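Residues 13 to 237 in the working numbering are what the sequence shown spells out, letter by letter.
For each residue, glycine too, the CB sits at the ideal point set by N, CA and C.
Keep in mind it's a predicted model, so treat the numbers as computed, not measured.
The block underneath contains the structure these notes are about, expressed in structure tokens.
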Amino acid sequence: MTELIEFKRGPGGRPTRAEAERRHAALLKTAMRLFLERGFEPVSIEEIAKRAGVAKRFIYARYADKSALFVAAVEYNFLGRMEALHAIEPSPRGPEWGLLELGRAVVDMALQPDVLALHRLFMSAAPQFPELARRMLERHRQRGIKEIERVLRFYAERGEIELHDPVWLTEHFFISIIGIPQRLALAGLREPPYDEARRLRLAVNLFVNGCRARPTEKPAASPTS
């Protein structure tokens with residue numbers, strides 16, 4: 013069924029800039045909904061164009077192929093949520109407090125039903141479309157992981173933790189806090205709130221203790237002859 017989307021046109025019948033942006037947003041929302049409902053492979057550019065009420069040339073003027081459209085749709089509909097973590101200010105009370113607050117926000121985001129649906133879609137499509145998987149992981153690193161890294165660097169700059177490899181340690185922290193909760197949620201399960209909170213505290217404590225800055229030990233004095 014074709015969706016009824018009305019678009020305004022400017023002089024000469026061409027859409028205004030604002031209208032073109034609105035069409036683009038409608039396209040990305042429609043594409044994401046179709047991908048989540050039916051999977052990546054079954055959905056065609058033709059169907060997306062028809063359901064979004066745009067011409068195929070409107071899509072191909074912006075995206076080289078369906079994979080590029082998929083990545084853009086995910087970025088528009090989901091990755092912006094990771095940037096919402098930018099609103100979290102690192103707690104001056106220390107990394108334990110700050111990373112616990114950050115961890116709660118990340119876990120809450122990761123367990124949202126539409127985020128879980130996207131994760132299932134990504135995992136099912138990745139083996140058949142490795143280039144799509146590579147693009148998705150690159151965008152996740154560029155936009156999402158950077159917000160977590162920002163908080164970790166705050167404590168590193170204060171000398172409270174050490175980040176010898178910031179990107180790897182940031183990804184390790186991310187996986188350590190969402191790994192089990194998200195895996196359970198993908199199976200339709202959820203831990204009791206107390207256990208979920210306890211698991212998060214343990215993950216934060218393990219990470220902070222593993223990265224905690226330690227005073228440099230002075231070399232032992234040579235014995236006098």
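Proximity to residue i [Cα-Cα], best of the options
| i | options | result |
| --- | --- | --- |
| L212 | G115, F70, P107 | G115 |
| T182 | G171, F219, F82, E108 | F219 |
| A117 | H131, P102, G106 | P102 |
| R210 | L198, I190, F70, R34 | I190 |
| S136 | L198, G51, A73, G65 | G51 |
| I160 | E113, L201, I192, L81 | E113 |
| I60 | A76, L81, A73 | L81 |
| Q5 | Q154, R93, A73, C223 | Residue coverage of the chain in this structure runs from 13 to 237, which leaves residue 5 outside it and unanswerable. |
| F186 | E58, A38, V119 | V119 |
| A96 | Y72, R165, D126, G156 | G156 |
Cut-off 7 Å between Cβ atoms - residues of its own chain near residue i, not counting five sequence neighbours on either side
| i | result |
| --- | --- |
| E143 | S79 |
| R9 | The chain is shown only over 13 to 237; residue 9 falls outside these bounds and no answer can be derived. |
| F141 | F52, S79 |
Under the three-state DSSP convention, the category residue i falls into
| i | result |
| --- | --- |
| I100 | coil |
| R69 | helix |
| R170 | coil |
| R146 | helix |
| R116 | helix |
| R213 | helix |
| R224 | strand |
| F48 | Residue identity check: residue 48 is Leu in the sequence provided, not Phe. Three-state result, L48: helix. |
| Y75 | coil |
C-beta contact flag for residue i and residue j at 8 Å
| i | j | result |
| --- | --- | --- |
| A129 | A138 | no |
| L40 | N89 | yes |
| V179 | G110 | no |
| E169 | P107 | no |
| E208 | P193 | yes |
| A225 | S188 | no |
| V66 | R34 | no |
Cβ-based burial, residue i [other Cβ within 10 Å; buried from 16]
| i | result |
| --- | --- |
| H152 | buried |
| S237 | Its pLDDT being 48, under 50, S237 is placed unreliably in this model, and the value from its coordinates should be taken loosely. Exposed, by the Cβ-count rule. |
| P54 | exposed |
| G200 | exposed |
| Y206 | exposed |
| R202 | exposed |
| G222 | exposed |
| E174 | exposed |
Other residues of its chain near residue i: CB distance less than 8 Å, five sequence neighbours each side excluded
| i | result |
| --- | --- |
| L270 | In the structure displayed, the chain extends from 13 to 237; residue 270 sits before or after that span and is not available. |
| H184 | F219 |
Cut-off 6 Å between Cβ atoms - residues of its own chain near residue i, not counting five sequence neighbours on either side
| i | result |
| --- | --- |
| A85 | L40, A43, M44 |
| A122 | I190, Q194 |
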